[in-house]
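In full-length UniProt numbering, the protein residues as written are 1 to 382. Just so it is clear, CB atoms sit at the ideal spot from N, CA and C, and this is done for glycine as well. Below: the structure, in structure tokens.
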Ligand code: LLP
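In structure tokens:
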């Protein structure tokens with residue numbers, strides 16, 4: 001936990017809205033993953049937070065990267081990740097992604113049978129399987145339901161492995177990712193069970209990639225046990241691809257009170273909103289809010305951002321001490337899918353990001369300026 005005094009220092013030094021990350025919590029999350037998953041290979045799903053400061057720290061701790069765009073592949077290379085440390089995934093990979101992945105010697109996740117013919121020659125590949133399961137998460141975050149756009153069906157998977165071999169690729173094994181922020185460990189058990197049901201048709205495999213998707217309160221040892229059992233059924237090495245679990249708790253969004261307004265509903269207006277943290281608006285996500293000031297109890301409030309949209313709410317029904325302009329709020333569990341999903345809507349420059357390590361602050365992304373936002377336009381467009 002970053003001491004409140006240091007959060008105040010960061011807000012004063014770098015301004016708000018501001019993303020801050022606690023390096024000790026990042027390291028602790030990785031230690032929890034390693035403790036639960038033992039010898040499994042860990043690939044960080046950098047979509048959760050692509051900041052080079054965090055990515056470099058994870059890479060230096062021995063973690064690989066799961067990439068889903070040419071830009072993410074370039075980030076992996078920038079922090080020194082190549083070859084077996086890089087996985088290239090995605091349902092609609094571009095020619096640029098195949099080329100960039102091949103240049104790094106990455107492993108490709110095949111998401112549909114037609115991809116076999118598009119892979120660079122002699123690629124290492126896994127086949128993503130859709131286990132056709134409803135899981136315990138928000139609809140937008142479920143990826144393994146029947147009819148989702150991801151993976152091949154259970155019935156198709158053995159033939160796609162054969163097609164890879166016939167085309168001269170190395171068919172390493174199978175991949176499954178059932179969704180994100182999945183609460184119930186039994187969902188993973190069910191998914192892995194459907195994969196092991198394929199064992200008689202696939203024969204032994206070198207790798208089973210069990211994806212990520214673990215909710216922050218998920219039973220990690222339980223999921224790990226099931227994943228290892230599934231890998232063992234194939235005689236395979238276990239790979240995992242956590243995103244949220246590694247970075248969510250290390251991150252906090254700092255925002256200041258602009259003022260209050262009572263319209264029949266009580267609002268605290270703050271300087272961050274949907275452009276900085278979209279998750280509450282997009283998924284109804286509840287992020288814990290901590291007031292960093294002291295005053296007498298001051299009622300229950302909805303936190304609204306500066307955007308001209310009624311849905312621009314950071315949190316609802318939050319009990320706060322009496323707020324005054326300039327008071328500082330910490331929005332927690334914001335290290336995953338926070339900064340990475342921030343936008344320039346309304347020509348709002350993206351916030352700065354700072355890493356707290358060994359009791360001090362290091363800026364890992366400077367605050368954008370309006371010029372940064374329009375740099376690619378008009379005279380610079382060609
Ligand atoms: N592997 C694959 C193939 C994935 O698609 C994802 C996430 C992960 C790993 C990492 O999942 P995690 O461990 O982070 O749950 N924007 C949403 C989350 C979308 C996740 C997409 N795929 C949110 O803010 O909750």
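- Less than 8 Å divides the Cβ of residue 240 from the Cβ of residue 212.
- Between the alpha carbons of residue 355 and residue 370 lies a gap of roughly 24 Å.
- An exposed status is given to residue 221, since fewer than 16 other beta-carbon atoms sit within 10 Å of its beta-carbon.
- In this structure, DSSP gives residue 176 a state outside helix and strand, which the three-state scheme calls coil.
- In the three-state reduction of the DSSP assignment, residue 315 falls in the strand class, which pools E and B.
- For residue 299, the uninterrupted beta strand (DSSP E) run begins and ends at 297-304, by DSSP.
- The alpha helix (DSSP H) runs lying completely inside the region 329-359 and spanning 4 residues or more number zero.
- Residue 237: member of the beta strand (DSSP E) spanning 237-240, first to last residue.
- Pairing residue 52 with residue 318, the inter-Cα distance amounts to about 33 Å.
- Rounded to the nearest angstrom, the Cβ distance from residue 183 to residue 215 is 5 Å, consistent with a contact under 8 Å.
- Counting the other Cβ atoms within 10 Å of the Cβ of residue 89 gives 16 or more, which makes it buried.
- Runs of alpha helix (DSSP H) with 4 or more residues, each lying fully within the region 15-52, are found at 23-37, listed in chain order.
- Distances taken from the Cβ of residue 99 to the heavy atoms of the ligand LLP include none shorter than 7 Å.
- Here the alpha carbon of residue 346 sits roughly 8 Å from the alpha carbon of residue 307.
- For residue 284, no alpha helix (DSSP H) run applies, since DSSP gives it neither H nor E.
- Residue 127 counts as buried, since at least 16 other C-beta atoms from the protein chains shown sit within 10 angstroms of its C-beta.
- Here the region 164-179 makes no contact with the region 272-280; the two share fewer than three CB pairs at distances below 8 Å.
- Distance from the Cα of residue 225 is smallest, within the candidate group 186, 242, 99, 72, for 186.
- Annotation: the region 116-153 contains the following complete segments of the beta strand (DSSP E) (minimum length 3 residues), in chain order: 124-130.
- In the same chain as residue 113, and ignoring 5 residues on each side of it, the C-beta atoms closer than 7 Å to its own belong to 152, 156, 160, 163, in chain order.
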